[in-house]
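Working notes for the structure below.
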Amino acid sequence: MKGVDLHLEDYMIFGALFFLYATLVTVVIGKSRPLNKFPSRADPSVAVVDGGYGHHMVDLTPGQIQFTLKLTLLTQFWFAAGVGLVKCSICQMLARIFSVVPSFGIAAYTIMGICVGWAVMTCLIGLLICQPIAMNWDPTIPGGHCGKENIAFAIVGVVDLATDLAILILPLPEIKGLQIPLANKIALLCIFGLGTLTMAISAVRMSGIFTIDFADFTFTATPTSIWSVTEIGTAIVVASSPIIRPLFDKVFHSIVSSRQSNRYTFNNSNTTTLRLSTKASGFDRLGGDEAPLNDIERQGGVATITSDPAGVFANSR
Numbered sequence: 001m002k003g004v005d006l007h008l009e010d011y012m013i014f015g016a017l018f019f020l021y022a023t024l025v026t027v028v029i030g031k032s033r034p035l036n037k038f039p040s041r042a043d044p045s046v047a048v049v050d051g052g053y054g055h056h057m058v059d060l061t062p063g064q065i066q067f068t069l070k071l072t073l074l075t076q077f078w079f080a081a082g083v084g085l086v087k088c089s090i091c092q093m094l095a096r097i098f099s100v101v102p103s104f105g106i107a108a109y110t111i112m113g114i115c116v117g118w119a120v121m122t123c124l125i126g127l128l129i130c131q132p133i134a135m136n137w138d139p140t141i142p143g144g145h146c147g148k149e150n151i152a153f154a155i156v157g158v159v160d161l162a163t164d165l166a167i168l169i170l171p172l173p174e175i176k177g178l179q180i181p182l183a184n185k186i187a188l189l190c191i192f193g194l195g196t197l198t199m200a201i202s203a204v205r206m207s208g209i210f211t212i213d214f215a216d217f218t219f220t221a222t223p224t225s226i227w228s229v230t231e232i233g234t235a236i237v238v239a240s241s242p243i244i245r246p247l248f249d250k251v252f253h254s255i256v257s258s259r260q261s262n263r264y265t266f267n268n269s270n271t272t273t274l275r276l277s278t279k280a281s282g283f284d285r286l287g288g289d290e291a292p293l294n295d296i297e298r299q300g301g302v303a304t305i306t307s308d309p310a311g312v313f314a315n316s317r
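Residues in the sequence shown are numbered from 1 upward in steps of one, following full-length UniProt numbering.
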């Protein structure tokens, strides 16, 4: 929309959009070609050219496994950065809107700090859960080991949900106290209530983490990767909803104005047609000012004309 000033939270959304595309591209690249088009496992020329999402690890070459696991690590970074920026954007927007309430700003920036910590924690867990770090993409390293990955990433999901809930609840008391029409208040609650959609997707994604078998990661982690992309995209839409509503209002106003204009044109055309038809019939349509109606009073059943500017009638009893 023209004439709209950009704020810090808008630039955060632009950054989140970049990480959404990065996550999407990474997941798409990680999706391999059909198995019947894979080169032979024994072919030494096979390198990191095909991903393996959607296929069992036993059916993939070592190069494909390593390539897919490296992409998975990148996806975790993109996901944490994208979702973290969206959360921070919403907190920044709320802090700006309700800046007249100092305690609200403190609460908003506290939640923002927790969101930043969550994003950093997600990246560190993805990077350091396996030792040495190369164990993340090469499970055959002698002496390497990984922690309890299902539990670690489930904790990431729980904190993700908790921050979403905190952001959802944060503006409710202030919205409730606003002196605005009830319809507008309900509209605001619905806009901020869209955050429940992101929470639902996050919950589905977290439930999928418990079903991941890291011994067959390329096959069992595919749904979670898809839900990761979905969560970032949905979060961006939800964060942008306060700006989308004025756009909807503008479009709706244009539609209503267009219909009213068409109705006005239709009425004018009917009036013109009526005038033409009276002329064609030999009759003249009297104007409103040519013969003004006179007020009539009744006294004792006799009508008395109280106004006769032309002097045609005389007052009578």
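A virtual CB, placed ideally from N, CA and C, is assigned to each residue, including glycine.
- Bridge pairing for Q131: H145 [DSSP].
- Beyond the five residues adjoining it in sequence on each side, L94 comes within less than 7 Å, by CB distance, of A108, L170, P171 in the same chain, given in chain order.
- By the neighbour-count criterion, in which a residue is buried when 16 or more other Cβ atoms sit within 10 angstroms of its Cβ, Q179 is exposed.
- Taking C-beta separations shorter than 8 Å and ignoring five residues to either side along the sequence, the partners of G147 in its chain run I129, C130, following chain order.
- In the DSSP assignment, Y21 forms no beta bridge with any residue.
- Exposure of R96 is indicated by the presence of fewer than 16 other C-beta atoms within 10 angstroms of its C-beta.
- When the Cα atoms are used, I114 and V159 turn out to be separated by approximately 9 Å.
- 8 Å or more divides the Cβ of N150 from the Cβ of L69.
- Within the same chain, M12, G15, A16 come within 6 Å of L85 by CB-CB distance, once the 5 residues on both sides are set aside.
- The three-state reading of DSSP puts L188 in helix, counting H, G and I together.
- According to the DSSP assignment, L74 belongs to the alpha helix (DSSP H) that extends over 62-97.
- Going by DSSP, T211 is part of no alpha helix (DSSP H) at all; its letter is neither H nor E.
- In the DSSP annotation of this structure, the continuous segment of the alpha helix (DSSP H) that includes P173 starts and ends at 172-176.
- With contact defined as three or more Cβ pairs closer than 8 Å, the stretch 180-187 and the stretch 208-224 are not in contact.
- Membership of T218 in the alpha helix (DSSP H) is indicated by the continuous run 217-220.
- The beta carbon of A152 lies closer than 7 Å to those of I125, I129 in the same chain, with the five residues before and after it left out.
- T234 is positioned such that its CB atom lies closer than 8 Å to that of I201.
- C91 is not a Cβ neighbour of M57, given a cutoff of 8 Å.
- Just measuring C-alpha positions, the residue of T110, V28, S103, G117 sitting nearest V156 is G117.
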